[in-house]
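What follows is a short report on a single structure.
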Amino acid sequence: MNAQAPLTLETPAEHPFAQFVRILGKGKRGARNLTREEAREAMGMLLDEKTEDTQLGAFLMLLRHKEESPEEMAGFTEAVRERLIAPTLNVDIDWPTYAGKKRHLPWYLLAAKCLAQNGVRIFMHGGGAHTAGRLYSEQLLSELAIPLCRDWQSVEAALDSGHLAFMPLQDWAPQLQRMIDLRNTLGLRSPIHSLARILNPLGARCGLQSIFHPGYQSVHREASGLLGDNSIVVKGDGGEVEINPDTLSHLYGTTAGVSWDEEWPALSSQRHVKPASLEPGHLKALWRGEVEDSYPQLALISTMALALRGLGTPREQAFELAQRYWDNRDKSI
């Protein structure tokens, strides 16, 4: 006969992280947002691995259900930045790429490549292929001759030589990558997918962010403002930083703590027919000038203009400059 476990006769001490789960999950009347300081402390404990896995899952899903506030996003970002060991590098554009594309090819990669040829220093980062049926930046870097950097020294070398570098999140914030990878365990994307877009780990002059779900764009803009960052948030195609030329684009900007808005009209009078399948070879063919294709050329020109707008160039001039960059690109790849 098996020995029975002893009875618990003394109340165990509460885990220090339990307070944050309770704040978020206390019910409709009792729950509230975390303050910025609470968010910073909570994320710090998660990053320092001072929590149980059950607490991590509960915390992420309660946040997802509630929806994050600007103060929470700012506090989370501060916790990450406090622990980030990164060099001081000169970067113009922080370009997060975490969504993957499913309707159109990732034309933003050609936009970034063209900008880099013209001296715009761009740091891209992503979280890998976490959702089935999507095409991710990491899967195309080699094909498009975009440097994959696995440490900060490589990032610095790539920025100095070609002005463009991509570094996986797992190599500079592995704890966040682990949280993103819980997507297929929890069944939902967590707020970490949104957080990664706002981090701007190298303190670039402007951070570009794409938030697909309506209402979140202003939250991200406000969080960046709280952090003192310059950023532009858009509803990019498929959740990536890529302007859809078939629709009106609203730019949610913040510069020196001041919020601003711009609306960019659609560039096409009628919607383009989306391709039946995504053929990565089409990216290289378009870059080399072997094919002409209206949708991607409009998409990448307007995406380049978005980045230039983030660096302070007015819209019309940004489009003119983007077109000139594209027309004069080095087509070798």
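Residue 73 in this note's numbering sits at position 73 of the sequence shown; the count goes up by one each step and never skips.
Ideal placement from N, C-alpha and C gives every residue a C-beta, glycine not left out.
Predicted model only: the values in this text are computed from it and were never measured.
The three-state reading of DSSP puts Ile232 in strand, counting E and B together. Assigned with DSSP and collapsed to three states, Asp151 falls in coil, not helix or strand. In terms of CA proximity to Leu24, Ala39 leads the group Glu10, Trp95, Asp92, Ala39.
DSSP places Glu262 in the uninterrupted beta strand (DSSP E) bounded by 258 to 264. For Ala79, the uninterrupted alpha helix (DSSP H) segment begins and ends at 70 to 83. Less than 8 Å divides the Cβ of Ser224 from the Cβ of Ser231. Taking all protein chains shown into account, Gln209 has 16 or more neighbouring C-beta atoms within 10 Å of its C-beta and is therefore buried. With contacts defined as CB atoms closer than 8 Å, Ala276 and Asp246 fail to qualify as a contacting pair.
In its chain, beyond the 5 residues on either side, Leu46, Leu56, Leu60, Ser190, Ile192 have a beta carbon closer than 8 Å to the beta carbon of Met179.
Bridge pairing for Tyr252: Val233, Asp261 [DSSP].
Note: Pro296 is not bridge-paired with any residue in the DSSP secondary-structure output. A contact between stretches requires three or more CB pairs, one per stretch, nearer than 8 Å, and the stretch 256 to 266 fails this requirement with the stretch 107 to 117.
In this structure, the alpha-carbon of His220 lies about 16 Å from that of Ala204.
Per DSSP, reduced to three states, the secondary structure at Gln209 is strand.
Between Thr88 and the set His250, Phe123, Arg64, His130, the nearest pair of CA atoms involves Phe123. The straight-line gap separating the alpha-carbon atoms of Trp287 and Trp326 is approximately 9 Å. Look at His282 here: in three-state DSSP terms it is helix. Here Tyr98 has Gly126, Gly127, His193, Ala196, Arg197 as same chain residues with Cβ atoms under 7 Å from its own Cβ, once five neighbours each way along the sequence are excluded.
At the C-beta level, Leu202 and Ala86 come within 8 Å of one another. The beta carbon of Met43 is closer than 6 Å to those of Phe76, Ala79 in its chain, skipping five residues each way along the sequence. Secondary structure of Ile333 (DSSP, three-state): coil. Under the 8 Å Cβ criterion, the stretch 237 to 245 counts as touching the stretch 293 to 307, having at least three qualifying pairs. DSSP lists no beta-bridge partner residue for Lys113. Sequence-distant Cβ neighbours of Ala318 in its own chain, meaning closer than 7 Å and more than five residues away, are Ala305, Leu308, Arg309.
Its Cα nearest to that of Leu311, the residue Cys206 stands out among Ser69, Ala158, Cys206.
With fewer than 16 other CB atoms across the displayed protein chains lying within 10 angstroms of its CB, His213 is exposed. Shortest Cα-Cα distance from Asn184 to any of Arg150, Ala132, Thr51 involves Ala132. The beta carbon of Leu186 is closer than 8 Å to those of Gly57, Leu60, Met61 in its chain, skipping five residues each way along the sequence. Taking the Cβ atoms as the reference, Gly162 lies roughly 6 Å from Ala116, within the contact range of under 8 Å.
A straight-line Cα-Cα distance of about 22 Å links Tyr295 and Ser332. Residue state for Lys26 is assigned as coil, using DSSP reduced to three classes.
A Cβ-Cβ contact shorter than 8 Å links Leu84 with Trp172.
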